[in-house]
Amino acid sequence: MPYKDYYNILGVKRTATPDEIRQGYRRMAHKYHPDVSQEPNAEERFKLVQEAYEVLGTADKRKKYDEVRPNDSQHTHTKHTNHSNPRRKGGVDVSFFEEISRQEFEKEKGFSDFFDSLFGKKKKYAKAAETPSDHNTPFATELSLEVEELFQDTIKTIQIQDGQKLQVRIPRGASDGKKVRLPGKGLNGQDILLTIKVREHPWYSIQGNDLYYELPITPWEAALGTQITLNTPKGSVNLRIPPETVTGKKMRLPGRGLGTNHENGDFYVVLLIQTPPAHSPEQKAFYIQMQRLFPWTPRPHLKS
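Here the numbering used here is used: the first residue of the sequence shown is 26, the next is one more, and so on.
Next comes the structure, spelled out in structure tokens:
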């Protein structure tokens, strides 16, 4: 099976320090991320970057890998010329974007046969972001997001140790309870373990990647049908409600739910019929007339 030069993949020297390896990973992960990269074969190269960092970012794996490396003369090394700080791009921290994206991207994918031959088969990458810094007790903090903020990349400020503030870029598709480690971003290089908390919304509820919205309608709209302009987090839609609609009916808007470029949920509209109160004598008389005109009950199973 072909040998993989993990140092070359991350663009670092074989004598690189753990911090230099981490910086190389961030630089390459951002360069080849499938959502933003214009490079050919970006997805495959992004996967190789994850694999390289899994090995070189973990002390015992790196030691084992170095023991089986061929001689220097058999492999060339590509020098990296970008020595800028990969933690910032335009004043914005980018590591959260990279860490959460790599966990989603590698969730169901394994590494190469070369990796498996050295370390055994690795089915999932769920803990990859945590492994290289297991010796580092992370600083845990939470970040609260509105439901609407899950639909687009957004920049948020979190407070870390000693009141310091740090900007992080949150990619669209983040979910409640998501835990992501930000290596070396805390005080004195301490890792940060960030937990996403989605605030309760007055209208929307989340089930997986699907978003649910309860839409009240009148009895005559339910009986005769109507068209309603509905604002969703992904823009306005004209919703056509068919005649003879019953309360609780679900109407599905495909692809308007949560998710990433790889997978999107749906937006469900749950129709709830609301009956207006009868205040005037004329309104009460109208309900009495309806009672006479509609010899119907919604509880046939309770009929004696």
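Glycine is no exception: its CB is placed at the ideal position from the N, C-alpha and C atoms.
Going by DSSP, D187 is part of no beta strand (DSSP E) at all; its letter is neither H nor E.
A contact is defined here as three or more CB-CB pairs under 8 Å, and the segment 183-193 meets this definition with respect to the segment 160-174. No Cβ-Cβ contact shorter than 8 Å links S137 with E68.
Assignment of alpha helix (DSSP H) within the segment 62-88, counting only whole runs of 4 or more residues, yields 67-81 in chain order. The segment 273-288 makes contact with the segment 232-252: 3 or more CB pairs, one atom from each, lie closer than 8 Å. Counting C-beta pairs with one atom in each stretch, the segment 38-50 and the segment 79-86 have three or more that are closer than 8 Å, which means they touch. Comparing alpha carbon positions, the residue from P196, W245, R324 closest to M315 is W245. Residue environment: K72 is assigned as buried (16 or more neighbouring CB atoms within 10 Å of its CB, all protein chains considered). Using a Cβ distance threshold of 8 Å, V294 and L249 do not count as a contacting pair. Note on Y90: 16 or more other CB atoms within 10 angstroms of its CB, so buried under the neighbour-count rule.
A248: member of the alpha helix (DSSP H) spanning 244-249, first to last residue. When DSSP reads this structure, G284 sits in a beta bridge with N289.
Judged by their CB atoms, R39 and Y32 are nearer to each other than the 8 Å cut-off.
DSSP places V37 in the coil class of the three-state scheme, outside both helix and strand. P241 sits in a strand when the DSSP states are folded into three classes. Counting only residues of its own chain and dropping the five nearest sequence neighbours on each side, T251 has a CB closer than 6 Å to the CB of I266.
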